[in-house]
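Numbering (this note's numbering), first residue to last: 253 to 447.
No residue lacks a Cβ here, since even glycine has one placed at the ideal position from N, Cα and C.
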């Protein structure tokens, strides 16, 4: 059994890229706790910090063959930084949607016209989503409805972040055109979270 703790960083990375689980285990053992501490300091939530660090290591293993890593520590902490930023952005989208939803449902008197407009918008959105290619539709739903960050979607579909952004741009453009007539008549708070 080879002792991976004495390998240079370059040798460790080469072993990782070749798919050696002991090299991955050594990297995990060395960097998990410092990454977790950093995530916890930023997010103030143990479970979320653990999850985001675990996801980072999953991506490291899944993308190991194609990664260009200069200094491993810098790479891991930079990836963590961007994962935290993506998570915060996703939370902002979810919070904004929740605020709009609560404002809508908190109204004591909802007119039949508003209910009809809301139902029409929802139906048209579903129809618009069905016009998208399956992968583009799934990426849109994960991003805009489920609130997943771009990096998590990229990992899920095993594509680059740029590819996810392309699909989101494509879906938003298509849906804007599809919903153009409906959005003009709908209350702005019902559709603002989508775009």
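Examine the ligand HEM and report whether any of its heavy atoms sits within less than 8 Å of the Cβ of residue 263. Judged by which ligands are present, the structure shown has none, so any question about the ligand HEM falls away.
For residue 384, the three-state DSSP class (helix, strand or coil): coil
Can you round the beta-carbon distance between residue 316 and residue 269 to whole angstroms, since I take them to be within the 8 Å contact cut? 5 Å
Between 285, 261, 430, 340, which has its C-alpha nearest residue 384's C-alpha? 430
Among 265, 295, 390, the one whose alpha carbon lies nearest that of residue 332: 295
May I have the straight-line CA-CA distance separating residue 379 from residue 396, to the nearest angstrom? 16 Å
For the candidate residues 409, 405, 265, 419, whose alpha-carbon lies nearest to that of residue 339? 405
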